[in-house]
Amino acid sequence: MTNFADLGLSQKVLSAVTDAGYTIPTPIQTGAIPPALQRRDILGIAQTGTGKTASFVLPMLTLLEKGRARARMPRTLILEPTRELAAQVAENFDKYGKNHKLNIALLIGGVSFDEQDRKLERGADVLICTPGRLLDHFERGKLLMSGVEILVIDEADRMLDMGFIPDIERIAKLIPFTRQTLFFSATMPPEIQKLADRFLQNPERVEVARPASTAQTVTQRFVAAHAKDYEKRAVLRDLIRAQDELKNAIIFCNRKKDVADLFRSLDRHGFSVGALHGDMDQRSRMTMLANFKDGNIKLLVASDVAARGLDIPDVSHVFNFDVPIHAEDYVHRIGRTGRAGRSGASFTLVTKRDTKFSDAIEKLIGQKVEWLNGDLSNLPEPMESHDTGRRERGRDGRKDRKKDGDRGSKARSDHKSDTVRADSEAEIETVVERAESVKPARSAENKQAQNNRGDRPVRASNPANDDNRDRRNRHRRDYDDGPTPVGFGDEIPAFMLIAGKA
DNA sequence: AAAAAAT
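Heads up: the first sequence runs through residues 1144 to 1645, numbered per the working numbering.
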């Protein structure tokens, strides 16, 4: 078996790798590192979770040991589709480059130019960028690309999805053709192949199988639900509480607005929860992600910004609050769990209007997904009608919030049965039965969840106002569960605000 | 029926 020591990496790099606890390289690393060290171009076909990032970070560090950066002339350039991915790659350089004295600059949008400018001025060995911000700096005359020796294009297929290809082409033209190019993509559709043909010279092609196919390590279930958001939220809460093995989870929504709404709802129900989507300000995004990675937050409600690439080890559960519209996204989302051979669980709420998409998912993954508590044909009547979510939710929400610590889904469904209109015994029984078929979460976890609430920076910024929330917001419209939190002062996180936007 | 990214 190949060892890291056999790949030709420098001592400095090897010792950092050893310190990080790695001895055996992954297939993409074994395949890509030796030719990369020979200054060959690389065409890497690999998904996240395969060790792809280290497969370019490690050889780059070794190659960068010779030479020194000059002001405004970066020596290497890495292009990433999202800010989080770029930040993650930067972390890798910190980790594996701890024995080096290299200047790493992270050029991403949403944060101030000043520090980025300073790093460019000082001379950066490695520039890790999202395309927009890089071009912005370039147009301001803050950097020259003529000294770039290595260009990395990561997640090329996703760059294509996001319409970045013209930017990438423009950037590539500014870099000398004598450069070395490392090009990575999870898939190779024809457009990407064409792009690779244009950018790469006699590349070494390294292709690795998808990491353990989804079916192997991830338990997948569909969960029937009514389409109304408050019904889906109730189903989701029961589902979360029923998970004994839940360490942490990502909950995906299709829209940013729904991320914000669901976050608020779960937060008010006492869950330890954060939110992540692209309209949040960059600082909140970073803080949320860090808190989630550190375990300060157990649940992360996210848009597809978190579906691919983000390296969040050890996610025990993925919940799809919405069925993804593109089946491909389903694979990426549930790929957030069950990584590196660990087991994981994923649950997807499916409503009648989603069947087209759930069918497409089954077709794509080539298997039927089991239903948790019976399929859509067994779904009881919706619990609304004349009593819509408004009144019931308000009460439900407050009760839940107070008593979440010692209260499971049984109690919850009891409560429901006295608030849901009582004109159908059978219907109530079904509701109770469905709720009981999932077990309540351990109270220790709920306590933990409550403890965590105060630790979050968002809250901590203004805890004093919490007391006034209910009174101040008594008249606010709210279909879910009680008052809308205000009182963030000047520090209203962006994800709280977007609900009001289009 | 969407999200992501420069301001």
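Glycine included, each C-beta is placed from N, C-alpha and C at the ideal position.
Nearest-angstrom Cα separation, counted from residue j out to residue i
i, j, result
"L1186", "Q1323", "11 Å"
"I1308", "M1302", "6 Å"
"R1485", "Q1510", "21 Å"
"E1513", "R1496", "18 Å"
"I1440", "L1409", "12 Å"
"G1417", "A1212", "39 Å"
"Q1386", "T1173", "38 Å"
"H1469", "E1505", "12 Å"
"F1327", "D1300", "8 Å"
"D1557", "Q1425", "Any reading at D1557 must be qualified, since the residue scores a pLDDT of 35, below 50, and its modelled position is unreliable; the value itself is stated next. When rounded, the distance between both Cα atoms is 42 Å."
"G1240", "P1346", "26 Å"
"D1184", "V1291", "14 Å"
"G1266", "R1215", "5 Å"
"N1463", "L1382", "11 Å"
"K1371", "E1258", "46 Å"
"N1148", "R1348", "In the sequence as presented, Asn is not what sits at residue 1148; that position holds Ala. C-alpha separation (whole angstroms): 22 Å."
"T1494", "L1432", "29 Å"
"E1388", "N1516", "19 Å"
"A1233", "A1248", "8 Å"
"L1338", "P1523", "51 Å"
Candidates the options: closest to residue i by CA position
i, options, result
"K1375", "F1490, E1505, T1191", "F1490"
"T1219", "T1225, N1391, K1209", "K1209"
"V1295", "T1196, R1384, Y1165, R1265", "T1196"
"V1448", "I1394, L1405, D1310", "I1394"
"H1280", "T1173, I1293, E1264, Q1344", "E1264"
"L1405", "A1385, L1379, D1387", "L1379"
"L1286", "K1400, M1305, I1318", "I1318"
"H1369", "L1180, L1150, Y1165, D1518", "D1518"
"L1245", "D1502, N1516, V1200, L1325", "V1200"
"M1423", "R1411, S1415, K1399", "K1399"
"F1414", "M1288, A1392, H1420, L1157", "A1392"
"S1289", "A1339, V1493, F1320", "F1320"
Those residues which DSSP pairs with residue i across a bridge
i, result
"G1187", "F1327, V1349"
"C1272", "L1222, L1250"
"G1417", "L1443"
"M1463", "For the record, residue 1463 in the displayed sequence is Asn; it is not Met. Answer is F1395, T1491."
"M1216", "R1213"
"E1208", "In the DSSP output, where bridge partners are listed per residue, E1208 has none listed."
"I1293", "T1219, Q1323"
"F1365", "T1491, W1514"
"T1480", "V1458"
Residue i and residue j closer than 8 Å at C-beta
i, j, result
"V1402", "V1444", "yes"
"V1351", "T1145", "no"
"N1242", "A1367", "no"
"V1361", "A1230", "no"
"S1198", "I1167", "no"
"P1467", "R1476", "yes"
"F1342", "A1315", "yes"
"K1238", "A1159", "yes"
"S1446", "H1420", "yes"
"L1206", "V1156", "no"
"L1150", "P1177", "yes"
Next item on the list: Examine the Cβ distances between the segment 1457-1466 and the segment 1326-1346 and report whether three or more of them are shorter than 8 Å.
Entry: The answer is no - the segment 1326-1346 does not touch the segment 1457-1466, with fewer than three Cβ pairs under 8 Å.
Next item on the list: Examine the Cβ distances between the segment 1255-1272 and the segment 1214-1230 and report whether three or more of them are shorter than 8 Å.
Entry: yes
Margin query: For the segment 1251-1259 against the segment 1223-1231, do three or more pairs of beta-carbon atoms, one drawn from each stretch, fall closer than 8 Å, so that the two count as touching?
Written below: yes
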